[in-house]
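Scroll down for the structure; my scribbles are underneath it.
Number of protein chains: 2
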Amino acid sequence: MATTDFLGRLDGSVRSALLGQARRRKLRKGDFVYRVGDPGDAVYVLLAGRIKTYKIALRGREVILWFGFPGEVFGLVESPHDRARMVSVEACEACEVAEIPVARFREFLAAHPVVSQLLTQIIASRLGMLANRLVYLLADNAEARIAKLLVDLAARSPGPAQGLGLTHQEIANIAGVQRQTATRILGRLNEHGALAVRYGRIAIRDRELLARFAARHA
Amino acid sequence: MATTDFLGRLDGSVRSALLGQARRRKLRKGDFVYRVGDPGDAVYVLLAGRIKTYKIALRGREVILWFGFPGEVFGLVESPHDRARMVSVEACEACEVAEIPVARFREFLAAHPVVSQLLTQIIASRLGMLANRLVYLLADNAEARIAKLLVDLAARSPGPAQGLGLTHQEIANIAGVQRQTATRILGRLNEHGALAVRYGRIAIRDRELLARFAARHA
DNA sequence: TGAAATCTGCCACCTGGGTGACAATTGAGC
DNA sequence: GCTCAATTGTCACCCAGGTGGCAGATTTCA
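Put into structure tokens, the structure is as follows:
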């Protein structure tokens, strides 16, 4: 299980206690869990599907900060002080989320200090991941960035064998390149045998080779 | 006072209680507070000087994550679990820091829940700042990146009137450009009257104009 | 005070990847 | 099954910024 899987790391009883506090919401592709400026009055756990967290930059450019997979928790940072959301969260496919009002979530944490510690860990690791991404986005070229990105995602994705259901546009938006560049590079990695790409199904064929592409700058 | 000024936001008595727990360390330019891999067994408050937090990327490239100014706290993220440091912190000039062993810091937080909340806020805001930087680094061109960076720094820097004592190399390393590019752009911003640059003393002359450069992509 | 190290300013060249454009393919909804 | 929107594939062009190289300015510290 991925270390980012919050729900999976809770004891069964704690998990059901938490989910008992939650309202379930189903979302279709393109629906928002929340958007920039919404009140940050709830915390979410993704039960099924895939979500993306992003901001809109200059000229309408969508910059993806983070993809969320089942079991992961999100919406934590703005919630404690009920500030406006700083990012938008959108369903990449049909999703289900558990929504917990922040007041209840706080009570829950007070009653379960272990969970509170786990969250501290999760936030710290997310800060670390973001810092790492910043470093490689600034220092690497497009090919290495995309390779690193795929390695990272495969480590967190639930069924990497079947492939990641990412569009080229999404890959471009998280790697900070143009859609056409993403297409070109995915094609190249496919030719070299690192990936197995088939219309929207990107699977890693040779993890070693992919890691080698991730580590070189040329 | 900048909202990031941890020490400045503490009550006088709380502040002296905290500093009473600390060992003071003086550093010269180039000294490390800690380096990647060191044990994360202490938390620091910067008392004087300026520090930079960075990682080394491919090909020895230094990517600066964050500049710290007096009053700011750092070393928080790895500490609660005493993990190895994920970043290095180096003095940019003569500095003084207060070093608090993590065990004592934890006791202190338990005794002062207000401070604990403040830290949650600080970590959240740092996550937000990092996310913002990621967005503009991916979406903007070199000129807008450097302009935004200077606006951000001026907002946190103690005496922005006298100018920021940053080298072109440091600006390059945080904006993710080449040193020569930083020089070229600083020269341009100087010509246009947005900055007043004089050998290592970069002062903002026209904040409005600089913000305009930060907001355009061309 | 003087030598060495660091920092700044410039320049010419070159390339990675941005840009726009369009056709082919696929999947989703009717 | 059919239609339409979304996604993918590919191409030609071009420019922002990377690269290397060097001279002059400034600081540091012996």
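First to last, the sequence lines map onto chains A and B.
Counting with the working numbering, you get residues 1 to 218 for the letters of the first sequence.
Counting with the working numbering, you get residues 1001 to 1218 for the letters of the second sequence.
Glycine is no exception: its CB is placed at the ideal position from the N, C-alpha and C atoms.
Hey, how far is the Cα of residue 1092/B from the Cα of residue 1022/B? Here the question's residue 1092/B lines up with position 92 in the second sequence. Here the question's residue 1022/B lines up with position 22 in the second sequence. Roughly 22 Å separates the two Cα atoms.
Chain-ordered chain A contacts of residue 1034/B [CB-CB under 9 Å]: Locating residue 1034/B in the second sequence gives position 34, where the first residue counts as 1. Residues of chain A passing the Cβ test: none, with the nearest at roughly 15 Å.
Going by DSSP, name the residue or residues bridged to residue 164/A. Within the first sequence, residue 164/A is the residue found at index 164, counting from 1. Paired residue(s): 202/A.
Closer than 8 Å, Cβ to Cβ, to anything on chain B: give me those residues from the stretch 44 to 73 of chain A, in chain order. 55, 57, 58, 59, 61, 63 and 65
In terms of alpha-carbon separation, which member of 1116/B, 1119/B and 1182/B lies closest to residue 1142/B? In the second sequence, the residue the question calls residue 1142/B occupies position 142. Residue 1142/B has its Cα closest to that of 1182/B, out of 1116/B, 1119/B and 1182/B.
Under 9 Å, Cβ to Cβ, is there at least one residue of chain B near residue 199/A? Taking the first residue of the first sequence as position 1, residue 199/A is located at position 199. No, residue 199/A lies away from the interface with chain B (no Cβ there is under 9 Å from its Cβ).
Do three or more CB pairs link the stretch 1002 to 1021 of chain B to the stretch 147 to 167 of chain A at distances below 8 Å? no
Give a yes or no on whether the C-beta atoms belonging to residue 76/A and residue 146/A are separated by under 9 Å. As a first step, residue 76/A is located in the first sequence; it is residue number 76 there, counting from the start. As a first step, residue 146/A is located in the first sequence; it is residue number 146 there, counting from the start. Going by C-beta atoms, residue 76/A is not nearer than 9 Å to residue 146/A.
Taking DSSP's pairing of strands, which residues face residue 194/A in a bridge? For this step, residue 194/A is matched to residue 194 along the first sequence. Answer is none; residue 194/A lacks a bridge partner.
Hey, would you say residue 1085/B sits closer than 9 Å to residue 1036/B, going by beta carbons? Translated into positions along the second sequence, residue 1085/B becomes position 85. Translated into positions along the second sequence, residue 1036/B becomes position 36. Closer than 9 Å, so yes.
Which residues bound the alpha helix (DSSP H) around residue 1120/B? For the purposes of this step, residue 1120/B is taken as residue 120 along the second sequence, with counting starting at 1. Residues 1113 to 1139.
Following the continuous alpha helix (DSSP H) through residue 213/A, name the residue where it begins and the one where it ends. Walking along the first sequence from the start, residue 213/A turns up at place 213. Where residue 213/A is concerned, the enclosing alpha helix (DSSP H) stretches over 207 to 215.
Quick one: what does DSSP say residue 1004/B is sitting in, helix, strand or coil? Taking the second sequence and counting its residues from 1, the one referred to as residue 1004/B is at position 4. Looking at residue 1004/B - three-state DSSP - the assignment turns out to be coil, as it is neither helix nor strand.
Contacting positions in the stretch 1076 to 1109 of chain B - beta carbon closer than 8 Å to chain A: 1077, 1078, 1080, 1081, 1086 and 1087
Return the first residue and the last residue of the alpha helix (DSSP H) that residue 148/A is part of. Your numbering for residue 148/A matches position 148 in the first sequence. That run of the alpha helix (DSSP H) goes 142 to 156.
Answer yes or no: does any C-beta atom of chain B fall closer than 9 Å to that of residue 217/A? Locating residue 217/A in the first sequence gives position 217, where the first residue counts as 1. Cβ-Cβ to chain B under 9 Å: yes for residue 217/A.
Please state if the CB of residue 88/A and the CB of residue 56/A are separated by a distance shorter than 9 Å. Taking the first sequence and counting its residues from 1, one reaches residue 56/A at position 56. Taking the first sequence and counting its residues from 1, one reaches residue 88/A at position 88. Yes, Cβ-Cβ distance for residue 56/A and residue 88/A is below 9 Å.
Against residue 1128/B, what residues of chain A qualify as contacts under a CB-to-CB distance less than 8 Å, listed in chain order? The residue you call residue 1128/B lines up with position 128 of the second sequence. Those are 77 and 86, listed as they occur along chain A.
Would you kindly report the start and end of the unbroken beta strand (DSSP E) that includes residue 222/A? This structure gives no information on residue 222/A, because the portion of chain A shown stretches from 1 to 218.
Which stretch, first to last residue, makes up the alpha helix (DSSP H) that contains residue 1015/B? Counting from 1 along the second sequence, the entry for residue 1015/B is found at position 15. Counting along the chain, the alpha helix (DSSP H) containing residue 1015/B begins and ends at 1012 to 1020.
Relative to the alpha-carbon of residue 1052/B, which residue among 1033/B, 1060/B and 1214/B has its alpha-carbon at the smallest distance? Within the second sequence, the letter at position 52 stands for residue 1052/B. Closest option to residue 1052/B, Cα to Cα, is 1033/B.
Distance, residue 107/A Cα to residue 39/A Cα: Counted from its first residue, the first sequence places residue 39/A at position 39. Counted from its first residue, the first sequence places residue 107/A at position 107. When rounded, the distance between both Cα atoms is 19 Å.
Where DSSP assigns a beta bridge to residue 1074/B, which residues make up the other side? The sequence position of residue 1074/B within the second sequence is 74, counting from 1. Partner(s): 1044/B.
Terminal residues of the beta strand (DSSP E) in which residue 29/A lies: Taking the first sequence and counting its residues from 1, one reaches residue 29/A at position 29. Where residue 29/A is concerned, there is no enclosing beta strand (DSSP E), given that its DSSP letter is neither H nor E.
Element boundaries [beta strand (DSSP E), containing residue 95/A]: The count along the first sequence starts at 1 and reaches residue 95/A at position 95. Unbroken beta strand (DSSP E) run through residue 95/A: 95 to 101.
With a threshold of 8 Å on Cβ separation, who are the neighbours of residue 137/A within its own chain once the five nearest residues in sequence on each side are excluded? By 1-based counting over the first sequence, the position of residue 137/A is 137. Excluding positions up to five away in sequence, the list reads 145, 175 and 176.
Residues that residue 176/A contacts on chain B, provided the C-beta gap is smaller than 7 Å: As a first step, residue 176/A is located in the first sequence; it is residue number 176 there, counting from the start. Correct list: 1138.
Contacting residues, own chain, Cβ-Cβ under 8 Å from residue 205/A (five flanking each side not counted): Looking up residue 205/A in the first sequence gives position 205. For residue 205/A, where only same-chain residues beyond five positions count, the Cβ hits under 8 Å are 193, 194, 195 and 196.
List the DSSP bridge partners of residue 56/A. By one-based count along the first sequence, residue 56/A stands at place 56. The partner list for residue 56/A (beta bridge, DSSP) reads 62/A.
Quick test of your reading: residue 1071/B and residue 1008/B, contact by CB under 8 Å. State the CB separation rounded to the nearest angstrom. Working through the second sequence from its first residue, we reach residue 1071/B at position 71. Working through the second sequence from its first residue, we reach residue 1008/B at position 8. The Cβ separation is near 5 Å, so the contact holds.
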